[in-house]
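Protein chains in written order, with the working numbering: chain A, 1 to 157; chain B, 1001 to 1501. Glycine included, C-beta positions come from ideal geometry on N, C-alpha and C. Nothing here was measured: the structure is a model prediction, and the numbers come from that model. The structure under discussion appears below in the form of structure tokens.
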Amino acid sequence: MRLTGESLFALALFGIFSFGTYQSTVMNDPSGGPSDVGAAFFPFWVCIFIQILTAFIFVQSVIANRSVSGDGISVKKRFTLLVSILVLLFIYIFIMERIGFIFSSILFLVLVHQLLVTFETGRPSALKGIAYSVLFFSIASSGLYVMFNTVFRLALP
Amino acid sequence: MIDFSNYADALGLVLQFKVIGAIAAGTILGIIFGALPGLTAAMGIAVLLPLTYDMPPVMGFGMLLGTYCGAVSGGSISATLLNIPGTPSSVATTLDAYPMAMKGEAGRALGIAIVASFIGGIFSSVVLSLAAPPIAEFALNFGAAEYFSLAVFGLTIIASVSGKSMAKGCVAGLIGIFVSLVGLDPTTGSARFTFGQMSLLSGVAFLPALIGLFAVGQALTDAEETLKTKGSHIQKQFSSVHLRFSTVLKRWKTVLLSCVIGTTVGAIPGAGGSVASFVAYDQARRISKTPEKFGTGHDEGIIASETSNNAMTGGAIIPMITLGVPGEAAAAVLMGGLMIQGLRPGPTLFTDQADIVYGIFIALFIANIFMMLFQFFGIRVFVKVLSIPRSYLIPIILLFCVIGSFGVSGNIFDVYLLLIFGVLGYFLNRFGYGTAPVVLGMILGNVAESEFRKGMIMFNGDWTIFFTRPISLAFLACAVLFTALPFYQKWRENRKQGVKD
């Protein structure tokens, strides 16, 4: 039995919503009156239905031995790119309030840009390219900071 | 009943320099989002949504409408020049626009597409302004039972037409419903799935979830494109673009048919622009005197596709603004644009805020006019946009998403939510579940639960009210019908196949 990404995702959803079903049974469930179904009614049945459907999808995908790709991208490359962007995003969000919007944004934008360039061309940009991207993203970040703070009145760190 | 005094009040709201400017800015950004393959109308609206938070409702929503119209039409630019649809609703446009461009008539193809989009958009704007008030008036009769049944109907439609399989569409819709249940239960006040997080007591913040699902998820998918495409051939050279009104209006039967199809399909929750354009394309071929020319660079093919996909825009807003049930994914995001302004779509909006509603109708007209003018005058600028490398575009989009999520509430927790929903959106797209059902589940799930419980309390636990009240029964019957329809169609196909064998 070969587990594809699709079947693993269905399995993950099944697991998450199994936990949801359990939580629905142990949560504090007061009623809003004698005719009220209670706070846990909808969450319980929603989780049950998701479990049933994801179990069906899991079995279907395992039997069909279905692989989603077919676009020629290796799983390893796809996974590495995705995880790298997510890690950078997470770090960006973490440091944004600590070192401020502009500096954290410049760092984030340059690093994501270099990551994408490396994956696209197989090698990072030359020094000139890096310098150009730092300049471009510095201007973009500063401009966006001013625009959002003054024109749209959205408070940024 | 059309109240023209409402239009007079609404004109006062719309005809202000800043409002017109916002609609214009939204239209230009929408055309850019639409022209760039991989960026969708829903994504563009989601990214710009936080910017409208501090704007007056008509100004903010007008900007989003401009984005919507611009994006749907802008998809024809890359469809013509790259043979890649800029948005899903332009897939059918590639069938004739690109072959026409290959013959050296890219300018002609773009001119036809622009005019066809304009006519479709204006037609659906008229239908919206005529149809929405009576539907809203009818919906004033709805009670708890009717709203619950309507929510169920909306959810079953979405599940049946979205995603690669009905089961996956249902799962996505149910995930959305589950997300809507997080937080304090409105009836009893008990906390559900908050895990001690204060930020979740008022529920999952709608805006970061929306932006995460549509924008971050899509950006992560687009990042994968850097792993395969090494650049597409762009037809940069083309003759001047003229607004081909005479060419389009000569095919008035195709235009009229496509307008009606687009508006009608748009009004059906879940169907969307791609369905509208393909149905219109197919029907146009059937009624054409030269069906063999379709797919070779034929005027009628472009006219059918582009007229219907822009006619879809007004149609999709009808159920959204009158009943609170969005017609398609981008309309669901647009609905978020109303909700962050504190406006609840539905019949009461027409009675309490009529000037805003009619202002929205006028804004849609203006957005369609701007869409035509900006594409006509700025087409060469928009073509240059196609050359922007993804390695610059994707980081900027992610930055906009983070700004949008943080800027509205000032709560860093919302940005982490953005990340979680971005990952969810990526996997849902990747494995064919779709993200539109999730958003619709989030919107309709709340309605379904609160109206169900309200109905049960009001009628002392008598659940038969959902079946004995005629309108409620009608919605539930339609829900069953739309759920059974795919199975029936499959059974018929299998039967036909069995007979052939």
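Short of 6 Å from the beta carbon of A1354(B), and not among the five residues preceding or following it, lie these beta carbons of its own chain, in chain order: N1006. Y1358(B) is the residue among G1120(B), E1300(B) and Y1358(B) whose C-alpha sits nearest the C-alpha of F1004(B). Any Cβ of chain A closer than 7 Å to the Cβ of V1325(B) would place that residue at the interface, and such an atom is absent. L154(A) carries a coil assignment under DSSP once its states are collapsed to helix, strand and coil.
For the 7 Å CB-CB criterion, D1222(B) and I1394(B) form a contact. In the three-state DSSP reduction, L135(A) falls in the helix class (H, G or I). Residues of chain B with a Cβ closer than 8 Å to the Cβ of P43(A) are, in chain order, F1178, L1181, R1192 and F1193. In the three-state DSSP reduction, G1327(B) falls in the coil class, being neither helix nor strand.
Here the alpha carbon of M1100(B) sits roughly 16 Å from the alpha carbon of V1115(B). Interface with chain A (7 Å Cβ-Cβ cutoff): D1282(B) is excluded. Runs of alpha helix (DSSP H) with 4 or more residues, each lying fully within the segment 1429-1478 of chain B, are found at 1436-1458 and 1465-1468, listed in chain order. Interface criterion not met: the Cβ of C1401(B) is under 7 Å from no Cβ in chain A.
One thing to note: I1023(B) has its Cβ no nearer than 7 Å to the Cβ of I1420(B). Looking at T1264(B), Y1392(B) and T1313(B), the one whose alpha-carbon comes closest to that of M1371(B) is T1313(B).
Within the segment 1004-1083 of chain B, the complete alpha helix (DSSP H) segments of 4 residues or longer fall at 1004-1014, 1017-1035, 1041-1048 and 1057-1081, listed in chain order.
Pairwise C-beta distances place the segment 1120-1131 of chain B out of contact with the segment 1428-1446 of chain B, as fewer than three of them are shorter than 8 Å. In this structure the segment 1326-1346 of chain B does not lie against the segment 128-138 of chain A, because fewer than three pairs of beta carbons, one per stretch, are closer than 8 Å. Ranked by Cα distance from L1013(B), the options V1058(B), L1039(B) and G1021(B) are led by V1058(B).
Exclusion of the five residues before and after A1332(B) leaves P1326, A1436, V1439, L1440 and I1443 as the residues of its chain whose Cβ lies within less than 7 Å of its Cβ. CA-to-CA, the gap between G1038(B) and A1071(B) works out to about 12 Å. Around the beta-carbon of S24(A), 16 or more other beta-carbon atoms lie within 10 Å, marking it buried. By the CB criterion at 7 Å, A1046(B) and L1210(B) fall inside the cutoff. Contact annotation for S105(A) against chain B: L1399 [CB-CB distance below 7 Å, chain order]. Put simply, the CB of L53(A) is near chain B, with a gap under 7 Å to one of its CB atoms.
In the structure shown, R1286(B) falls within a helical segment according to DSSP collapsed to helix, strand and coil.
Using a Cβ-Cβ distance cut-off of 8 Å, the segment 1282-1290 of chain B and the segment 1300-1307 of chain B are in contact, since at least three pairs of beta carbons, one from each stretch, lie closer than that value. The C-beta of D1352(B) comes no closer than 7 Å to any C-beta of chain A.
Counting other Cβ atoms within 10 Å of its Cβ, Q1489(B) stays below 16 and is therefore classed as exposed.
Sequence-distant partners of I106(A) (beyond 5 residues in either direction) whose C-beta falls short of 8 Å from its own C-beta, in its chain, are V134, F137, S138 and S141.
Under the 7 Å criterion on CB atoms, I50(A) is classed as interfacial with respect to chain B. With 16 or more other CB atoms across the displayed protein chains lying within 10 angstroms of its CB, M1043(B) is buried.
Classified as buried, S1076(B) has 16 or more neighbouring CB atoms from the shown chains inside 10 Å of its CB. For E1224(B) and E1451(B), the gap between their C-alpha atoms comes out near 42 Å.
Excluding residues up to 5 positions away in sequence, G1026, T1027, L1029, G1030, F1033, A1041, G1044, I1045 and L1048 lie with their Cβ nearer than 8 Å to the Cβ of T1067(B) in the same chain. According to the DSSP assignment, M1371(B) belongs to the alpha helix (DSSP H) that extends over A1354 to V1385.
Here T1052(B) is buried, its C-beta having at least 16 other C-beta atoms within 10 Å.
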